[in-house]
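Under this note's numbering, the first residue of the sequence shown carries the number 122, and numbering increases by one thereafter.
Glycine included, every Cβ here is placed at the ideal spot set by N, Cα and C.
Please read all numbers here as calculations on a predicted model, not as lab measurements.
Please read the structure below before turning to the comments.
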Amino acid sequence: MSRSDDVEIIRRALDAAVEILRPYTPGSVEYRFKEGDDPVTAADDAVNDALKALLHRDGDGWLSEETADDPARLEKRRVWIVDPLDGTREFVAGIPEWCVSIGLVEDGEAVAGGICNPATGQVVLGARGLGVTLNGVPARPTAATSLQGALVLGSRSEFKRGEWARFGEAPFRTQAMGSVAYKLSLVAAGLADATWTLVPKHEWDVAAGVALVQAAGGAALGLDGAPPVFNRPKPKLQGLIAVAPGLAAEVGGFLHLGTRSA
Numbered sequence: 122m123s124r125s126d127d128v129e130i131i132r133r134a135l136d137a138a139v140e141i142l143r144p145y146t147p148g149s150v151e152y153r154f155k156e157g158d159d160p161v162t163a164a165d166d167a168v169n170d171a172l173k174a175l176l177h178r179d180g181d182g183w184l185s186e187e188t189a190d191d192p193a194r195l196e197k198r199r200v201w202i203v204d205p206l207d208g209t210r211e212f213v214a215g216i217p218e219w220c221v222s223i224g225l226v227e228d229g230e231a232v233a234g235g236i237c238n239p240a241t242g243q244v245v246l247g248a249r250g251l252g253v254t255l256n257g258v259p260a261r262p263t264a265a266t267s268l269q270g271a272l273v274l275g276s277r278s279e280f281k282r283g284e285w286a287r288f289g290e291a292p293f294r295t296q297a298m299g300s301v302a303y304k305l306s307l308v309a310a311g312l313a314d315a316t317w318t319l320v321p322k323h324e325w326d327v328a329a330g331v332a333l334v335q336a337a338g339g340a341a342l343g344l345d346g347a348p349p350v351f352n353r354p355k356p357k358l359q360g361l362i363a364v365a366p367g368l369a370a371e372v373g374g375f376l377h378l379g380t381r382s383a
């Protein structure tokens, strides 16, 4: 299959997810807790089932937050890494910072992705060699070359825990936001200059966003300063940054990338 075919399949899957989500009203959705304080809804499950039926083919691997992990994915070159509803906490609260996230990985590298936020009507699609579109219009990261005045998106949960207090005197602006996948899509599309998380994230949280940032020409790096590798036996990254290309070196120095283990 060509990369264009991959993007078209992702687009159709996102369209199907949007239709499934229409009957649900964010802020008025029943939910349960699957572990700790992580909510899950019937919408998560319904979208997960639909995406697997639409995306997964013989020979492909599958990794999703809402599917029991099958180690057979480790033997596959192509693996779909999906979060049917990233930002369920915001979805339940009625905050428009949640999305459907679909990533395609080949040989451990994120090569194509699609992220749709039905609450805002934003759809970001892209693949390596094809670039990225926002609602069908070509998009790219910002032209920022300095952190002075840059807009950096941070995790709403990390803000609440005080983990971003260290940046109070930094030269950039910060904004708390839910859904790491949604934040990554905004960086890829040039609607924010950077985002980062210094705490572990599952691969399904970030695979699609990394694919989009890299396809758009931005930089997506782990805390070791190297591009993240996906489809690991334990599908979790220690942290991630995503930035406009002109900010990669400055942000790397600011966060001391390369001094932590991956």
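Taking G224 as reference, the option from V245, V364 and L319 with the minimal CA-CA separation is V245. For V301, the three-state secondary structure derived from DSSP is helix.
Residue ranges of uninterrupted beta strand (DSSP E) with 3 or more members, entirely inside the region 270–338 and ordered along the chain, are 272–276, 294–298 and 315–318.
Assignment of beta-bridge partners to K357 by DSSP yields H323. Between G346 and the set G242, V221 and A370, the nearest pair of CA atoms involves A370.
One Cα belongs to A265, the other to S149, and the distance between them is close to 39 Å. In summary, E156 is exposed, with fewer than 16 beta-carbon neighbours lying within 10 Å of its beta-carbon over all protein chains present.
Partner residues in the beta bridge of F154, as assigned by DSSP, are P160.
Per DSSP, I202 lies in no alpha helix (DSSP H) segment; the continuous beta strand (DSSP E) that holds it begins and ends at R199 to D207. In terms of Cα proximity to G339, the closest of A309, W317, G283 and T318 is A309. Here the alpha carbons of E218 and V350 stand approximately 26 Å from one another.
The residue among S125, T209 and K357 with its C-alpha nearest the C-alpha of K322 is K357. CA-to-CA, the gap between M298 and L172 works out to about 25 Å. Three or more beta-carbon pairs separated by less than 8 Å link the region 200–210 to the region 177–185, which places the two stretches in contact.
Its chain contains R198 as the residues whose beta carbon lies nearer than 7 Å to that of D228, once the 5 sequence neighbours on both sides are disregarded; these appear in chain order. Taking a 10 Å sphere around the C-beta of R294, we find fewer than 16 other C-beta atoms and assign the residue as exposed. Listed as beta-bridge partners of V245 by DSSP are I236 and L255.
Judged by their CB atoms, V364 and D326 are not nearer to each other than the 8 Å cut-off.
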